[in-house]
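Heads up: the sequence shown begins at 1070 in my numbering, then just goes up one per residue.
Where a beta carbon is used, it is the ideal one built from N, C-alpha and C, also for glycine.
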Amino acid sequence: MSWTRIIECDRCPIGRGVFVIRQGRELAVYRLEDPPRCYVLDNRCPHAGGNLAGGELAGGTVACPWHHWKFDLETGVCTHSALARVPVYPTRVEDGVIFADLSSPSPAASSCRGAL
C-alpha cells in the first residue's frame, strides 16, 4: 500500500465531514467516535456531483446535501440505489494523522447522474 498523509486528526472534527484535495483528488474525510474510525471517500456524489463532505452523518452513512442519497462509509454503496457507489479508501491513523491509500479505492465508482 502507498499511504498518503490526508489531515491531522485535530483538524477533522468528530461527526463532521472535511473537504481536502490530495494528489489531485477531491476527498471527504470523516472521524467517528463510537466506534472510533476514520473514513476517506471521494467527495462528489455520483448522482449529481453533490459535496459529500458537507453531508449529514447518521448510522454509518453520509447523506448528500443535494438530494439526500445516503452512502455507506464502509463500502461506498448507496442505500437508495445499489448501482450508485462512491470510492472508499483504506485508512489508518498514526501519530494523530489520518493516512489513506489513494491507489486502492474500493469499490469502483459508478455514475447515476440524472437517475432519481
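| Asked | Found |
| --- | --- |
| What's the C-alpha gap between A1153 and E1102? | 27 angstroms |
| Provide the residue span of the beta strand (DSSP E) that contains T1073, from first to last. | W1072 to E1077 |
| Using three-state DSSP, classify L1101 as helix, strand or coil. | strand |
| Going by DSSP, which residues form a beta bridge with L1096? | V1089 and D1111 |
| With DSSP collapsed to three states, give me the class of G1183. | Residue confidence is low: G1183 scores 46 on pLDDT, short of 50, so the model does not pin down where it sits. Its coordinate-derived value is still stated next. The answer is coil: DSSP assigns G1183 none of H, G, I, E or B. |
| How big is the Cα-Cα spacing for S1175 and A1132? | 19 angstroms |
| Quick one: using the 10 Å Cβ neighbour count with 16 as the cut-off for buried, is L1185 buried or exposed? | Reliability fails at L1185, whose pLDDT of 41 lies under 50, so the model's placement of it is uncertain and the value that follows must be treated cautiously. Under this definition L1185 is an exposed residue. |
| Which residues share a DSSP beta bridge with C1147? | F1140 |
| What number of angstroms, rounded off, separates the C-alpha of D1079 from the C-alpha of G1119? | 25 angstroms |
| Using 8 angstroms as the threshold, is the region 1091-1108 in touch with the region 1149-1166, meaning 3 or more CB pairs across them? | yes |
| How far does the beta strand (DSSP E) with V1166 in it reach, from first residue to last? | V1166 to D1170 |
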